[in-house]
Structure formats: structure tokens, C-alpha cells
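Here the sequence shown is numbered in full-length UniProt numbering, starting from 1 and rising by one per residue. Think of the CB as a built atom: it goes at the ideal place given N, C-alpha and C, for glycine as much as any other residue. Computed from a predicted model, the values in this text were never measured in an experiment. Encoded as C-alpha cells, the structure appears first; notes follow it.
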Amino acid sequence: MSLFDDVLDDSSFAPEQFGPQEGFAGTLLAASACDGHIADEEVGSLVSTLTRMKMYQHVPPHKFNSMMDRLMGILKRGGPEKLIASAIPAIPPELRETVFANACDIVLADGVVEADEKEFIDDLMIKLEMDKNRAKTIVQVMVFKNQG
1 MSLFDDVLDD SSFAPEQFGP QEGFAGTLLA ASACDGHIAD EEVGSLVSTL TRMKMYQHVP
61 PHKFNSMMDR LMGILKRGGP EKLIASAIPA IPPELRETVF ANACDIVLAD GVVEADEKEF
121 IDDLMIKLEM DKNRAKTIVQ VMVFKNQG
């Protein structure tokens, strides 16, 4: 426990509640970083994915960058686990399969699926409360998409 924890109420440093945009972006950022580093291909895939989505079309660039900076700060301080813990509850049920598919795509972006990435995707399936067969189908499609 730090001196600040002794003096300040711990909730004074609590992050704001995530909305769907932060939840979706935070999940994909965590997918990019789940193996301990973020490859250039993963960053490119992440930005490309988010900027094409309807939910980000009306977000001004400075607000988008501010959101990503905030998410990166959470990632740097607490790792992918902390980012996912805040992100998942903010993802609406109708976007859970979508975020899962995109997370798979990002994990596959650099052409190598490491053990940490496999574990992340398995955990993400559970945290998103997805049917295992449905998740497996999504993984298969994303593997096909990224072949070649």
C-alpha cells in the first residue's frame, strides 16, 4: 500500500466508466498487447478496424486520439487484464461476437499466434459469455481470412 493510498480515498484514482466505444477499442488494444508487445501489424489492424466502424464515424480525431491515449495509459499501468476488466462490461451484447472476431483478427495480424494470445482468446470467449462452438467457428473464419 502506498502513502497516497493511506491518505487519499482509493476511488479518487478510479477510471471513468467505459462506454461501448471505449469497451470495444479497449478489448482490441488488449488483444494487441496480450503477448507482451504490440506489433506494427497489430496497430495497423486495430486502427483500420476502429476507423471503419459506424460507432467511431462521428468521433472527431482529437477525441478518438484522447480515448486511445487513455486506454494506452490503463494498459501500461495495469496490463491487458485490467484493460479487459473495464472493457468487457461496456460492450453491448449485440457487439460481443463482433469484438471477438476483431480480436481474433488482430491476434492473427502478425502471422504468429503465441501461447499468450491463444490463452487471451480462450479467456475472452469466456468473459464475453460466448458459445464455444460459435467462437470456434469465428476463429476458423478469421484463420481463413488471414491465410496467404
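Using three-state DSSP, classify residue i as helix, strand or coil.
i: residue 53; result: coil
i: residue 128; result: coil
i: residue 13; result: Legend: pLDDT at residue 13 = 48, less than 50; position of this residue unreliable, value from coordinates given subsequently. Correct three-state label for residue 13: helix.
i: residue 20; result: helix
i: residue 106; result: helix
i: residue 89; result: helix
i: residue 147; result: coil
i: residue 117; result: helix
i: residue 111; result: coil
i: residue 135; result: helix
i: residue 25; result: helix
So the candidates are the options; which of them puts its Cα closest to the Cα of residue i?
i: residue 72; options: 133, 87, 145, 59; result: 87
i: residue 70; options: 143, 93, 17, 140; result: 17
i: residue 29; options: 56, 107, 122; result: 107
i: residue 144; options: 98, 105, 39, 37; result: 105
i: residue 38; options: 146, 51, 113, 95; result: 113
i: residue 93; options: 111, 58, 131; result: 131
i: residue 31; options: 19, 119, 53; result: 119
What's the C-alpha gap between residue i and residue j?
i: residue 129; j: residue 82; result: 18 angstroms
i: residue 10; j: residue 45; result: Bear in mind that the predicted position of residue 10 carries a pLDDT of just 49, short of 50, making it too unreliable to give a figure here.
i: residue 115; j: residue 100; result: 17 angstroms
i: residue 60; j: residue 85; result: 26 angstroms
i: residue 48; j: residue 25; result: 12 angstroms
i: residue 13; j: residue 142; result: Since pLDDT at residue 13 reaches only 48, below the 50 mark, its modelled position is unreliable, and the value read off the structure follows with that caveat. Distance between the alpha carbons of residue 13 and residue 142: 38 angstroms.
i: residue 66; j: residue 146; result: 30 angstroms
i: residue 57; j: residue 133; result: 32 angstroms
i: residue 95; j: residue 111; result: 25 angstroms
i: residue 63; j: residue 43; result: 18 angstroms
When the distance is taken between beta carbons, is residue j closer than 7 angstroms to residue i?
i: residue 156; j: residue 148; result: No answer is possible for residue 156: the residues shown for the chain start at 1 and end at 148.
i: residue 33; j: residue 89; result: no
i: residue 135; j: residue 41; result: no
i: residue 97; j: residue 35; result: no
To the nearest whole angstrom, what separates the beta carbons of residue i and residue j, a pair I think is in contact under 8 angstroms?
i: residue 75; j: residue 103; result: At roughly 14 angstroms, the Cβ-Cβ gap does not stay under 8 angstroms, so residue 75 and residue 103 are not in contact.
i: residue 68; j: residue 21; result: At roughly 10 angstroms, the Cβ-Cβ gap does not stay under 8 angstroms, so residue 68 and residue 21 are not in contact.
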